[in-house]
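Undergrad: Every number in my numbering is 215 more than the matching position in the sequence shown, counting from 1. Glycine included, each C-beta is placed from N, C-alpha and C at the ideal position.
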Amino acid sequence: MTPDLQNAEPTAADRPSISERLRSATAVAHERAEHAPFIDDLMSGRLDTGEYQRLAVQLYFVYEALERVGAELAGDPVADAVLDTKLLRLQRLGADLASFGIDPSHVTPLPAVARYVAAIESTRADPARYVAHHYTRYLGDLSGGQVVAHRMREHYGVEDGALSFYSFDEIDKLKRYKDAYRARLDALPLDPDGIDRLVDEAIAAFDHNQAVFGDLDGARAA
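#1: Using a threshold of 9 Å, state whether the C-beta atoms of L378 and F253 are closer than that.
#2: Please report how far the alpha carbon of L298 lies from the alpha carbon of L403, in whole angstroms.
#3: Is it a yes or a no for the stretch 381-390 touching the stretch 350-368, going by three-plus beta-carbon pairs under 8 Å?
#4: Given this structure, state the Cα-to-Cα distance separating R269 from A294, to the nearest angstrom.
#5: Any idea if A313 is buried or exposed, counting beta-carbon neighbours within 10 angstroms, 16 or more meaning buried?
#6: Quick one: what does DSSP say V344 is sitting in, helix, strand or coil?
#7: So, P319 versus Y275, is the Cβ gap smaller than 9 Å?
#8: May I ask whether a heavy atom of the ligand FMN can be found less than 8 Å away from the beta carbon of G355?
#9: Looking only at its chain, what residues have a beta carbon closer than 8 Å to the beta carbon of T323, apart from the 5 residues adjacent to it on each side?
#10: Three-state secondary structure (DSSP) at F315?
#11: By how many angstroms is the C-alpha of D356 removed from the C-alpha of T338?
#12: Could you tell me which of Y396, D406 and M367 sits nearest to T264, measuring between CA atoms?
#13: According to DSSP, simplified to helix, strand and coil, what is A289?
#14: Pairs of beta-carbons, one from the stretch 246-262 and one from the stretch 403-416, closer than 8 Å: are there three or more?
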């Protein structure tokens, strides 16, 4: 190999795509969040329906911020690449909570949830960072979220009417949709700095989720 070829900068075709970078960069943080004690106990059937309800009502605050900021960013070329009304979860989550007799307005967000909400709200001025939160939440709902719904039915007898949050009945094939979503990520009009901000924020989003699970676990133990 000639010196020129050895020192050549990688071309765009040689660099990992945005979705590949997100997947690899968040792998460790994703693994930590998935194996947080609260989630491990919930998914293994060692808790009860009330613990699932505590998680669901805290997620309500997260999705309220995510979908409110998303509405504010509509029309932005970066945010618009991922925004899709088929993904909106807040109304469904509110209906699920109502079926449990829970009114989110009577619930106080946990400290970690308040920090998570603040992080989402801070992305108004940086749509690349907003996309990171959109990606971690909705792609998670389309993937692992389907397993959560199955376990809630299997272990705790939660009925489908209280799990509409996890039902994407406007999407025909979840895998096809996820593949198309990743393709939209890969085509985002971002420079290298914007991609770095997106990836860093996605890692932070998983850390926020882990912190939420930690607060839920701490409240359970108190």
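TA: In terms of the structure at hand:
#1: Working through the sequence shown from its first residue, we reach residue 378 at position 163. Working through the sequence shown from its first residue, we reach residue 253 at position 38. Going by beta carbons, L378 and F253 fall outside the 9 Å limit.
#2: For the purposes of this step, residue 298 is identified with residue 83 of the sequence shown, where counting begins at 1. For the purposes of this step, residue 403 is identified with residue 188 of the sequence shown, where counting begins at 1. Each residue's alpha carbon lies about 12 Å from the other.
#3: Taking one beta carbon from each stretch, the stretch 381-390 and the stretch 350-368 have 3 or more pairs nearer than 8 Å; the two touch.
#4: On the sequence shown, residue 269 is found 54 positions in, with the first residue counted as 1. On the sequence shown, residue 294 is found 79 positions in, with the first residue counted as 1. When rounded, the distance between both Cα atoms is 30 Å.
#5: Residue numbering aside, residue 313 sits at position 98 when the sequence shown is read from its first letter. Exposed, by the Cβ-count rule.
#6: As a first step, residue 344 must be located in the sequence shown, where it is residue number 129. According to the sequence provided, residue 344 is Arg. The question's Val does not apply to it. Looking at R344 - three-state DSSP - the assignment turns out to be helix.
#7: Translated into positions along the sequence shown, residue 319 becomes position 104. Translated into positions along the sequence shown, residue 275 becomes position 60. Cβ atoms of P319 and Y275: closer than 9 Å.
#8: The ligand FMN is not part of this structure, which contains no ligands at all.
#9: What you label residue 323 is simply residue 108 of the sequence shown in a count that begins at 1. Same-chain partners within the cutoff: there are none.
#10: Translated into positions along the sequence shown, residue 315 becomes position 100. Secondary structure at F315: coil, using DSSP grouped into helix, strand and coil.
#11: As a first step, residue 338 must be located in the sequence shown, where it is residue number 123. As a first step, residue 356 must be located in the sequence shown, where it is residue number 141. Rounded to whole angstroms, T338 to D356 spans 21 Å at the Cα level.
#12: What you label residue 264 is simply residue 49 of the sequence shown in a count that begins at 1. The residue with the shortest Cα to Cα distance from T264 is M367.
#13: Within the sequence shown, numbered from 1, the residue matching residue 289 stands at position 74. Correct three-state label for A289: coil.
#14: The stretch 246-262, when compared against the stretch 403-416, does not touch it at the 8 Å Cβ threshold.
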